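Below you'll find the structure, written out as structure tokens, and then a few comments.
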Amino acid sequence: MSNRSLKKILVVYYSQSGQLGELVKNVCAPLEGRTDITLTYLAIEPEQDYPFPWPFLRFFNTFPETVYADTPRLKALALVDHSRFDLVILAYQVWFLSPSLPVSAFLKTTEAKTLLADTPVITLIGCRNMWLMAQEQMKQQLQQLGAHLIDNVVLTDAAHSAFTFISTPLWMLTGKRGPFLKGLVPAAGISAAELHASRRFGEAIARQLPSRPAGDNSPMLQGLGAVTVNENLISSEKIARRSFMIWGRLLRAIGKPASRPRQMVLLLYIAFLVTMILTIVPLSALLKKLLVPFTRKHIAAQKRYYAAPSGSELH
Ligand SMILES: Cc1cc2nc3c(=O)[nH]c(=O)nc-3n(C[C@H](O)[C@H](O)[C@H](O)COP(=O)(O)O)c2cc1C
């Protein structure tokens, strides 16, 4: 008959508000209770967890360490089974266009080296809408660990960027999702319908994984609309990342997060950042639209690149 055998999946995640936890739950629901698949969950826990909701200054003050992956100490990983897994689902959220600090910390552990080496990995991102640069960093990290990135699934906030620019920070800073301003700004976060629909990824894994030969590192989630690449955000993300790196280096040179001088310069940067987002992002989107006749091919190639390996097609 077939070469079906028991396959082991490890699911690694961290979540502050519970949103990424919900996403993991939905994706993994079709993989639960099967005789041909075992699921092991590993929650990442920093020794000193990050606050949620975030105090205003603490939120922004975390960006220099985040972009330079100056990671926190983690509690010992609560993992009994250290043997080889057939698939790792690595769920993460984006912080300042980088993988969040707890997830970056996990990638630096000795356990990650053994768990991920020569192992197929599916990244599962839940974020506002800017994930391209974070995934570029994730790809590099996974490559250094010898992992095989076979798929990437991204779910983003449901509302338009103009609204989530307001609602996501409000959610992070107050713990309340909204709607805000008497319903003018829709609630922050991934919609309940999208979360529920993410079960399709678990179903696709359940269909294919048990009969996949070892060493098959081809994607399993193509044709399911795993990601949507917003072409308007490509250059904005690149510019913002460069700015984070420059200001991040400066702020780190000034002092530790608690230092007063650093906090003063940080306030300056916040004003600069907000102005930049309100001007550069719409301007670069407008410029992109105007240049479309000349850049169509280049943009299509960029979109294909960022959408890989799972792609954005839905059939
Ligand atoms: C410090 C911080 C920075 C964030 N930066 C980004 C970002 O650059 N891009 C983005 O799309 N979302 C960003 N988000 C939103 C998160 O990716 C995520 O959607 C939100 O924190 C909910 O995740 P949770 O499951 O951990 O609660 C940020 C959130 C935090 C707390």
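Using numbering that gives the first Met the number 0, read the sequence shown as starting at 0 and increasing by one per residue.
Using N, Cα and C, we set each Cβ at its ideal position, and we do this for glycine too.
Given the structure is predicted, the values throughout are model-derived calculations rather than measurements.
It is roughly 9 Å from the alpha-carbon of L30 to the alpha-carbon of I8. Within the same chain, E21, L22, N25 and L154 come within 8 Å of L194 by CB-CB distance, once the 5 residues on both sides are set aside. In this structure, the C-beta of C27 stays at least 8 Å away from each heavy atom of ligand 1. Distances taken from the Cβ of S16 to the heavy atoms of ligand 1 include one shorter than 8 Å.
A distance below 8 Å between beta-carbons, with the five flanking residues on each side excluded, links A158 to the following residues of its chain, in chain order: S166, V184, P185, A186 and A187.
Here T173 has P52 as same chain residues with Cβ atoms under 8 Å from its own Cβ, once five neighbours each way along the sequence are excluded. If you look at Y305, you'll find it in the alpha helix (DSSP H) that goes R259 to A306.
Annotation for L123: no alpha helix (DSSP H) segment contains it, though the beta strand (DSSP E) segment containing it runs P119 to C126. Judged by DSSP in its simplified three-state form, P45 adopts strand.
Within the model, the alpha-carbon separation for T118 versus I43 is close to 19 Å. For A90, no alpha helix (DSSP H) run applies; the uninterrupted beta strand (DSSP E) run containing it begins and ends at L86 to Y91, by DSSP. Sequence-distant Cβ neighbours of L96 in its own chain, meaning closer than 7 Å and more than five residues away, are M129, M132, A133, E236, A239, R240 and F243.
M171 has its alpha-carbon roughly 18 Å from the corresponding atom of G182.
Here T34 carries a coil assignment [DSSP, helix/strand/coil]. Beta-bridge pairing by DSSP links D150 to I121. Taking the Cβ of F55 as the reference point, every heavy atom of ligand 1 lies at 8 Å or farther away.
A distance below 8 Å between beta-carbons, with the five flanking residues on each side excluded, links S99 to the following residues of its chain, in chain order: Y13, T65, Y91, Q92 and V93. Per DSSP, L9 is one residue of the beta strand (DSSP E) stretching across K6 to Y12. Distance between Y40 and C126, taken at the CA atoms: about 21 Å. Judged by beta-carbon spacing, P63 lies within the 9 Å limit of L250, meaning their Cβ atoms are closer than that value. Annotated three-state conformation of W53 is coil, per DSSP. Look at W246: its beta carbon is at least 8 Å from all of the heavy atoms in ligand 1. Per DSSP, the unbroken alpha helix (DSSP H) holding E110 starts and ends at T109 to L115. If you draw a 10 Å sphere on the C-beta of R211, you find 16 or more other C-beta atoms in it, and that means buried. With a contact defined as Cβ atoms closer than 8 Å, P308 and P218 qualify at about 5 Å. Distances from the alpha-carbon of E202 to those of A257, C27 and Q15 put C27 closest. Distances from the CB of L194 to the heavy atoms of ligand 1 are all 8 Å or more. Counting along the chain, the unbroken alpha helix (DSSP H) around W246 starts and ends at N231 to I253.
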